[in-house]
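Chains as they are written, first to last, in this note's numbering: chain A, 2 to 1103; chain B, 87 to 683.
All C-beta atoms, glycine included, are put in the ideal place defined by N, C-alpha and C.
Worksheet: one structure, shown below.
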């Protein structure tokens, strides 16, 4: 331990916060330490002191009534030798008797100086700078500057600041050392969202992973969706790919619990359940994200939390001075590993082989194709339908924290033009947040957000582009007007209807969110507060399409098909629709919280009553046949002129009620306990099964706070934790328990009888078999693990192990069709999940100019189907599998059941051919059961679609003002995991079109007895799967940024100026054939590619 | 202590304001506003009829296959002796037995579709008896019930013919069951027979609403059911009861054939009775443009052709051999019923432009419209059955089964002349090419194409016919009776029945008792001539038992892989594996021939 020597360079006034915050505290016979702790608990003040200089074990009794911090400290330290400095929210305590002030000296001859800023380039005042191993040091001033003199050349400086990672820098003879402090994500004082409140990470017993996005490298990535930033950074959280402009990725926490119900985590935005779309949240507005993974963390959300909770916190104001931030980035997108379809000559060869036409046959080509063939004109259709995509993103934000008010206002505009022509997206979003302290006991907050997303337009058809004839005719005339049928068997030109005004599309989503909260700090009971959240969300989607008469150009040849006199007849075909979807929802939380400390005991009690409600209404109107009207000039807004007009309606409501109690207790900062109980009701279940109870408990032990651990110098912090809890899943749609009926015009069953010509009779059909017993799917789980910091806080190791069982699975079960129905939604069975999650973070190198830090995340989840229907028909004493649904007891979900392929049938496999009737060139299967021939008993589990494990590594390198961030991310198969059928990678036939183009495969022929690729004529036998592993390793994200810091910037009042390059999805290493392995796209599937993005941007703040 | 008191009071107040169990349950109650549930769907008799409408609609989907479901083509006869796939659809084959096994989706779909019919019929029967339903008259209710029970029995007949014995379900299901117990094939037929007999007299003899079920449909089904029952009894060695069944079959067929209501049409009738010639325009290069019209093909109509013209198919149209039809209505099609069409020109039509495009190009009437040949007709069904003394036949007449095509391609040596088949088939080429070519082009039946397509001026593209279609036509009843008579040993009677059709078709050759062979080839050939594109050939072949189906398939399939892979015998389709897998509480046995496939 060393003594602090504080050199205060200049005077200061109390900051807005310190002036505005009034302390009320009444403690008897407490230590000074406890008083300080309590002030930290009730305010944002943080104390920094050395207990050898300041006696904090002194027992005092204090009674503060509406005191500002300085007055309170004056009283607390009256008649002692302790002094203090208040810098914004940070309070430094020191001894009056220590030799400190060297101000004059420093100003005269600074030997070493520098500037300390945060990651965004904002100056950081109040950072402690100490020469390691000495008592010499200083604190940065309001501009973040510091200076020191008489420093040994080989000394090491230690920079520390609450909430930031401590940095040690070797001086190595330098005279200027500028430092960027990084947020301490594993900091012990880090506040995490735990549902209906927050907790300090060090006090919490559950498993919560967090990512501070604000000012981090990942924030520079051109992500449209907030969750894309989390990809690879949070162990246990799988974020899926996005492959369209403005697309939303899938997400999965800790594996698949539910067989058929939803596995989507619950989203909590600024403390309130979020019922809207994640794409309405602008990623630039997000400060940090907490992922609540284990039961004790998420159980407070009861019925919704079985799949984990993602809690998003948006940005807020930080400094009294308003900060204006402007971010701009722009980039390009490309299709990585675009498949190469066959060139014309190869295509003709393959079509002939596939159809057993004589070699060289071209009689099946159309006139236009033959012309192109003769003249050697070929078209690469995939190139025709794709382009270099463009992404643009602009954001302007203002934030500040004035007296009693904290505000954040942001406006954002994004525009994407995807790689596939016509795949477009733009978004405008606005967010305003204001929190005010009305009185010392009443706080009011209002957030309002508006977002408008526009997905209008048709994207080109990349499915057709892949199969289209290489000799197909693109244009019908010399004026580059498209030919509708280029020609591969009635396939439309993949660009038909994209930009040619033969059809229109609009798809606009608007969202309005208003979240208001009121918090009463009950004045006469210390620590008691009552909070109301009321959030309303209104989403509106306006969709429409219109197909004009000229969309319906007839198939054939010749320009006469496009003549107005011909096209006018197709007015009968012209049609369109307009649809309005409106979803209104509200969440109403009543939260009563009590937080207090009694000596060594701290308690935190939360009681919640909450209900939420969602109402969806859809109105769809269609119009068709404009022959009587004679024109379609009005497009989709002329539906009411159509001869046939129809209305379709849909609506649902869903409602939830929850009652929650939670108690957290800690003793001596070493022992922590949390327990919660929630009772939940949900409308979606059968009348007798709407309610369920969920309990959870957790314990943690900060072992490093025990005296016996003092000797372990390399270990800075270690917390052991264990938790248990129950969560629910209500992942079924409203009305799923009811036997629904389809009838009337919307029912889809129509008929006519001859006595009533033109009259349409509507049928009535029961469309689903209801199940009134359908109830909660519940998950019970255990979590244990530790969080630790080593080697002077340069290595952090977090490990979690979990086990969960989900019972009363809600799933779609195949049932005997003799009931009249093929499937039913039912709840039964059990799935167990277990897994391991490891996060390693290290600061590998750290000196004044260069810093290298790394993070490795690894997670592996295994699930096992334990029980299904409890039936043992075959009487072998083991529960029967449900083969029809590919559910196998004792095995993982996602089992692939079928015939094991062992190559290709060769001409000399006569025995096999005789037994099975197979032809040479067909896939050959293994005879497992010993019965002659391939029988149903030869089916076996071939593997699992589920992945084996994920491993990611990120590295951040900082050199002077440069910062480079690289994330590698991998999803791994192995042991027959992460397999998927991929017959398109092997088949030459079987596309359904005799002359479809495709990628070339060296198909089996007697001369080329391949053991991998079937013959050109083999088109599938109901057994062939072509399993492949989707495992891959990918350079996921790269960002490179540079912080400008010259003098002229300061003079022009620019706080920070940062330029950056970012790249996403740079390269992928995989054995999967087809599209992107992460989407599992196959050739010809028409799945859009996962794009590679390269962007350039800058951040400026004033 | 004071604090705790405060605390407790606030806590209590808050909790009281939050809770209230009754209110909570009202908040959580579900009340769908845009659809009905089974509990509130029925309040009037019209709604019971809507259930029946749903079944009529379902049956039309099965017969006309407007959505072009592959399994429906399979069920309608692909892979039998009569139909196969063209070269461009070999991936959709239903005759390559290395791919056909109990996992084949077609079997599950067909099995399921009949249980959908059964379940909907059970729903109609359940709803008809609900106390809140008031009926206009007893007859109205009896007719509604009769239609429902007909559909149910009709479904069991189909299941019995294709799959053998199946579980009998007569109640609606309110919860899933896994213990369905199949009954024997005989019991399955017997159930259908009992049902049909029970409703026979509740069915009107005729109705003004073409498409609605009438008594003749019941009697025809009874004739078929008794015949099927007899065959199965005979297979099981019970020839005594089989004879009774055959006699019943004859007797029900007699009621239909000789009852006075129905008779074979043997003179011109209907909407086009006055047309003495039919001209098909030939456009240069197959391009539809008034200025390109270069020639015509002249055809002579006859009364057999009249049977398949728009406005002529229903009994109500004056067509006396029409017993039960499905309804197609162009106005309804334009309005909102996209399934009200016969897409036969498209799905059954040949593709001259692919194979013989050098001579006959395009998609106009001269090549039968815009065919894509989802299934073809085998050489057997197009040529062999007319060979020798069978050629002269109205059903093989130019206008009914058109074999003459004029070249429309300007560069063709056959431009504006009839193109010989050996040229179109490319008979001078290698065997594989010939097989490919013959698979994709074939004569065009007037049952699947038209000389004038409705709706072309509205943008229709000669894919669809807009006429009603037969589900039951009197000749099939006659052929059922012929078969029953032959099985009773009355070969002369059987020949006489076949000759009813041959005489009507003005055939030069009439069959004799000696022609009635033990393999029923004469009857099956006559069915092929009379009922091509009409009968459900799989039902016929599998109903007949023995190895009739497999032998004929081996003989007449178009592609060599059928004979190569059909190395086992079967006379029932396999029970779909999914049915066996889902019916967990009762083991359903696989049908003979399919074990280990």
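- Nearest CB-CB separation between residue 594 (chain A) and chain B: not below the 8 Å threshold.
- For residue 502 (chain B), the closest Cβ of chain A is not nearer than 8 Å.
- Close CB contacts of residue 895 (chain A) within its chain, under the 7 Å cut and outside five residues either way in sequence, are with 945, 946 and 947 (chain order).
- At least one CB of chain B lies nearer than 8 Å to the CB of residue 919 (chain A).
- Using a C-beta cut-off of 8 Å, the segment 238-251 of chain A makes no contact with the segment 894-909 of chain A, since fewer than three inter-stretch Cβ pairs fall below that distance.
- In the structure shown, residue 332 (chain B) adopts helical secondary structure according to DSSP, grouped into three states.
- Classified as exposed, residue 363 (chain B) has fewer than 16 neighbouring CB atoms from the shown chains inside 10 Å of its CB.
- Looking at A:97, A:123 and A:172, the one whose alpha-carbon comes closest to that of residue 130 (chain A) is A:172.
- For residue 612 (chain A), a Cβ of chain B is located within less than 8 Å of the residue's own Cβ.
- Below 8 Å, too few C-beta pairs join the segment 618-638 of chain A and the segment 667-679 of chain A to call them touching: fewer than three.
- Under DSSP, residue 414 (chain A) shares a beta bridge with A:395 and A:429.
- For residue 282 (chain A), the CB contacts under 6 Å within the same chain, skipping 5 residues up- and downstream, are 227 in chain order.
- By the Cβ criterion, the segment 592-611 of chain A is not in contact with the segment 538-558 of chain A, since fewer than three pairs of Cβ atoms, one from each stretch, lie closer than 8 Å.
- At a Cβ-Cβ threshold of 8 Å, residue 851 (chain A) and residue 966 (chain A) do not count as neighbours.
- Distance from the CA of residue 141 (chain B) to the CA of residue 246 (chain B), rounded to the nearest whole angstrom, comes to 19 Å.
- Residues of chain B with a Cβ closer than 7 Å to the Cβ of residue 742 (chain A) are, in chain order, 121, 122, 123, 124 and 127.
- Bridge pairing for residue 410 (chain B): B:558 [DSSP].
- Beta bridge pairing from DSSP links residue 658 (chain A) with A:612 and A:682.
- By the 16-neighbour rule on beta-carbons within 10 angstroms, residue 294 (chain B) is exposed.
- With a cutoff of 8 Å on beta-carbon distance, residue 198 (chain A) and residue 607 (chain A) are scored as near each other.
- Chain-order list of chain A residues neighbouring residue 408 (chain B): empty, with the shortest C-beta distance near 11 Å, by a criterion of under 7 Å.
- About 15 Å separates the CB atoms of residue 312 (chain B) and residue 343 (chain B); that is not less than 8 Å, and the two are not in contact.
- Residue contact with chain A for residue 668 (chain B): present (Cβ-Cβ distance below 8 Å to some residue of chain A).
- Per DSSP, reduced to three states, the secondary structure at residue 170 (chain A) is strand.
- Under the three-state reduction of DSSP output, residue 285 (chain A) falls in the helix class.
- Look at residue 649 (chain B) here: in three-state DSSP terms it is helix.
- The alpha carbon of residue 508 (chain B) has as its nearest neighbour, out of B:489, B:502, B:494 and B:495, the alpha carbon of B:489.
- Considering only beta carbons, no part of the segment 312-345 of chain B lies closer than 8 Å to chain A.
- Sequence-distant Cβ neighbours of residue 824 (chain A) in its own chain, meaning closer than 7 Å and more than five residues away, are 813, 814, 815 and 816.
- Your pair residue 176 (chain A) and residue 113 (chain A) checks out as a contact, with CB atoms roughly 6 Å apart and the cut at 8 Å.
- Residue state for residue 580 (chain B) is assigned as helix, using DSSP reduced to three classes.
- Chain B has a Cβ within less than 8 Å of the Cβ of residue 357 (chain A).
- Listed along the chain, the chain A residues whose CB falls inside 9 Å of the CB of residue 651 (chain B) are 917, 918, 919 and 920.
- Close to residue 819 (chain A), with beta-carbon spacing below 7 Å, are these residues of chain B in chain order: 201, 253, 255 and 266.
- Between residue 273 (chain A) and residue 310 (chain A), the beta carbon gap of about 12 Å keeps them out of contact (Cβ cut-off 8 Å).
- Collapsing the DSSP output to three states places residue 465 (chain A) in a helix.
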